[in-house]
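Visitor:
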Amino acid sequence: MPIFKSVFDALPDGVLLVESGGAITLANSAAERMFGYPPGGLVGLSVEALVPQSARGAHGQHRRHYQAEAQARPMGQAANLQGQRQDGTLFPVDIMLAPMALEQGQGTICVVRDARPRKLVEAKLNLANTVFQTTQEAIVVTDENCMVIAVNPAFEKVTEFSEAEVVGRNINVLRSGRHDRDFYREMWRAIRESGSWQGEIWNRRKSGEIYQEWMSISTVWDPQGKPIQYVGVSADMTRINHAETPTERLAHYDGLTGLPNRLLFQSRIQKTLERAHRERLGFAVLFLDLDGFKAVNDRLGHAAGDLLLAQVARRLSHELRETDTVARFGGDEFVIVLEDVKPADVERISQTLIDHIAHPFELGGSGSVQVGLSIGWSYYPDSGLDITSLMHQADEALYRANRRGRGRWMAYSRLD
Numbered sequence: 004m005p006i007f008k009s010v011f012d013a014l015p016d017g018v019l020l021v022e023s024g025g026a027i028t029l030a031n032s033a034a035e036r037m038f039g040y041p042p043g044g045l046v047g048l049s050v051e052a053l054v055p056q057s058a059r060g061a062h063g064q065h066r067r068h069y070q071a072e073a074q075a076r077p078m079g080q081a082a083n084l085q086g087q088r089q090d091g092t093l094f095p096v097d098i099m100l101a102p103m104a105l106e107q108g109q110g111t112i113c114v115v116r117d118a119r120p121r122k123l124v125e126a127k128l129n130l131a132n133t134v135f136q137t138t139q140e141a142i143v144v145t146d147e148n149c150m151v152i153a154v155n156p157a158f159e160k161v162t163e164f165s166e167a168e169v170v171g172r173n174i175n176v177l178r179s180g181r182h183d184r185d186f187y188r189e190m191w192r193a194i195r196e197s198g199s200w201q202g203e204i205w206n207r208r209k210s211g212e213i214y215q216e217w218m219s220i221s222t223v224w225d226p227q228g229k230p231i232q233y234v235g236v237s238a239d240m241t242r243i244n245h246a247e248t249p250t251e252r253l254a255h256y257d258g259l260t261g262l263p264n265r266l267l268f269q270s271r272i273q274k275t276l277e278r279a280h281r282e283r284l285g286f287a288v289l290f291l292d293l294d295g296f297k298a299v300n301d302r303l304g305h306a307a308g309d310l311l312l313a314q315v316a317r318r319l320s321h322e323l324r325e326t327d328t329v330a331r332f333g334g335d336e337f338v339i340v341l342e343d344v345k346p347a348d349v350e351r352i353s354q355t356l357i358d359h360i361a362h363p364f365e366l367g368g369s370g371s372v373q374v375g376l377s378i379g380w381s382y383y384p385d386s387g388l389d390i391t392s393l394m395h396q397a398d399e400a401l402y403r404a405n406r407r408g409r410g411r412w413m414a415y416s417r418l419d
């Protein structure tokens, strides 16, 4: 018996022996710690004390059903099961039931596992998968022999190859022919010595078009330190009109969303102003912020908040023309310049953006969230003739829009 007790208490999962009437006759140390009871504190209690009040009826039916079947199996769907600690706090659990014959009749062995670690891992995996599927950068994963294992939708868009067309093939299917052997020799030397490489590279799309990428390659190692996979992340430089060197590109674009940052935005709006003045065109400056973003960040964490911002950036970009500019200034602040528009166009576009952002966002393991959008805008030449004035007036209009209830747009010319 002492040996059995030692083994019983050493088990990492909680184990309970429950008689047919529901009373706990035996509990190991893991179960006591899990449910917050002192040594010996579970014996004699009804197993229903470990179940939330709202679920006790259903729990009893489940237990009696499995006792009648006399078969070992999981207790229902793990996602729907909760345990209740002695202090009343609830936590998710996985439960396995097995019949056991007792002197006084049929009993049940309940093996209980705290499901929080599993759910945390699942949430992280779901979030990672969502980022993989939604990021604007092309991602390719190969095995140790450079045979493609997986690609994301951005890779398919950039290279024009579908996943089915490249999986199982060597990644050199993208080679442009512009680099000599020395280039690839040096690249792989760096990967072998440091585990990673980054730099500019020319590749070829399925159509035959040669394009330039800024690529980062990282090695995935097994526990013995052997390389087993390579992950390549790249941005198509030929489809982005920005600075000429990699350093300047990093300085002009927001690392999270891929949108122009404040510095590049200033350059873009200056060119817009010069063209508008020269050709006597109108343009608008829109200041935007997300309603409810802080609550998402506080409740779900910064990783979910970052994923939300990246998806918001994609929705905003999708609704705009190539001639327009959307930039991220930091946090949940975005700025847009609409070129060659009339005030009526700005009103229509503002409402479209608000409506589009109002649709739910899927954040993988963090679930679905909804946020709103508030917009304040100024118009050249009606609101002002210089950038400083236009920016200040758009900011003031956004402030008024937020004061009046959020989820709306307001033009500076209409401020009271």
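For the working numbering, add 3 to where a residue sits in the sequence shown, where the first one is 1.
Note that CB positions come from ideal geometry on N, CA and C, so glycine has one too.
Quick caveat, the model's predicted, so the values are computed rather than measured.
Measuring only from the beta carbon, is serine 381 closer than 8 Å to any heavy atom that is part of the ligand SAH?
Guide: What this structure holds is no ligand at all, so the ligand SAH is not there to describe.
Visitor: Hey, quick one: how far does the alpha helix (DSSP H) through valine 169 stretch, first residue to last?
Guide: That run of the alpha helix (DSSP H) goes 166-169.
Visitor: For the beta strand (DSSP E) that contains isoleucine 204, what are its first and last residues?
Guide: Taken as a continuous stretch (DSSP letters only), the beta strand (DSSP E) holding isoleucine 204 covers 199-207.
Visitor: Are the stretch 362-375 and the stretch 253-272 in contact at 8 Å, needing three or more beta carbon pairs?
Guide: Segments in contact, no.
Visitor: For isoleucine 112, which option in Phe332, Gly379, Asp16 and Gln396 has the closest C-alpha, if you only look at C-alpha atoms?
Guide: Out of Phe332, Gly379, Asp16 and Gln396, Asp16 has the C-alpha closest to the C-alpha of isoleucine 112.
Visitor: Does the distance from the CB of glycine 235 to the CB of isoleucine 142 come in under 9 Å?
Guide: Cβ atoms of glycine 235 and isoleucine 142: closer than 9 Å.
Visitor: Rounded C-beta distance between serine 23 and glutamine 109? I'm assuming under 8 Å.
Guide: Rounded, the Cβ-Cβ distance is 5 Å, consistent with contact.
Visitor: I need the boundaries of the alpha helix (DSSP H) containing isoleucine 352, first residue and last residue.
Guide: Segment 346-360, the alpha helix (DSSP H) holding isoleucine 352.
Visitor: Can you give me the C-alpha to C-alpha distance between tryptophan 425 and isoleucine 174, rounded to a whole angstrom?
Guide: Within the shown structure, residues of the chain are numbered from 4 to 419, placing residue 425 beyond reach of any answer.
Visitor: Could you check how far apart the C-beta atoms of valine 151 and aspartate 239 are, in whole angstroms? I think they sit under 8 Å.
Guide: Incorrect: roughly 18 Å between the Cβ atoms, too far for contact.
Visitor: CB-CB under 8 Å to leucine 284, same chain, minus the five flanking residues each way: which ones, in chain order?
Guide: Closer than 8 Å at the Cβ level, and outside the excluded window around leucine 284, lie Arg278, Glu342 and Asp343.
Visitor: I need the DSSP call for proline 263, collapsed to helix, strand or coil.
Guide: Strand.
Visitor: Using a Cβ-Cβ cut-off of 8 Å (strictly less than) and excluding sequence neighbours within five positions of glutamine 136, which residues of its own chain qualify?
Guide: Closer than 8 Å at the Cβ level, and outside the excluded window around glutamine 136, lie Asn155 and Pro156.
Visitor: Considering only the beta carbon of each residue, do alanine 400 and serine 381 sit closer than 9 Å?
Guide: Closer than 9 Å, so yes.
Visitor: Compare the Cα-Cα distances from lysine 127 to each of Phe164, Ser32, Ser369 and Ser49 and report the closest residue.
Guide: That would be Ser369, whose Cα lies nearest to the Cα of lysine 127.
Visitor: Does glutamate 277 come out as helix, strand or coil in the three-state DSSP assignment?
Guide: If DSSP states are grouped into helix, strand and coil, glutamate 277 belongs with the helices.
Visitor: Three or more beta-carbon pairs under 8 Å between the stretch 90-97 and the stretch 328-339, yes or no?
Guide: No, because fewer than three Cβ pairs between the stretch 90-97 and the stretch 328-339 fall closer than 8 Å, the two stretches do not touch.
Visitor: Would serine 353 be called buried (16 or more neighbouring beta carbons within 10 Å of its own) or exposed?
Guide: The residue is buried, with at least 16 neighbouring Cβ atoms inside 10 Å.
Visitor: CA-CA distance, arginine 406 and alanine 30?
Guide: Each residue's alpha carbon lies about 58 Å from the other.
Visitor: Taking the C-alpha atoms as reference points, what is the distance between alanine 306 and alanine 313?
Guide: Taking the straight line joining both Cα atoms gives about 11 Å.
Visitor: Given a cut-off of 9 Å, decide if threonine 328 and phenylalanine 268 are closer than it, judged by their beta-carbon atoms.
Guide: Their beta carbons are under 9 Å apart, which means phenylalanine 268 touches threonine 328 by this criterion.
Visitor: Whose CA, out of Glu189, Gln139 and Thr275, lies closest to the CA of isoleucine 390?
Guide: Nearest C-alpha to isoleucine 390: Thr275.
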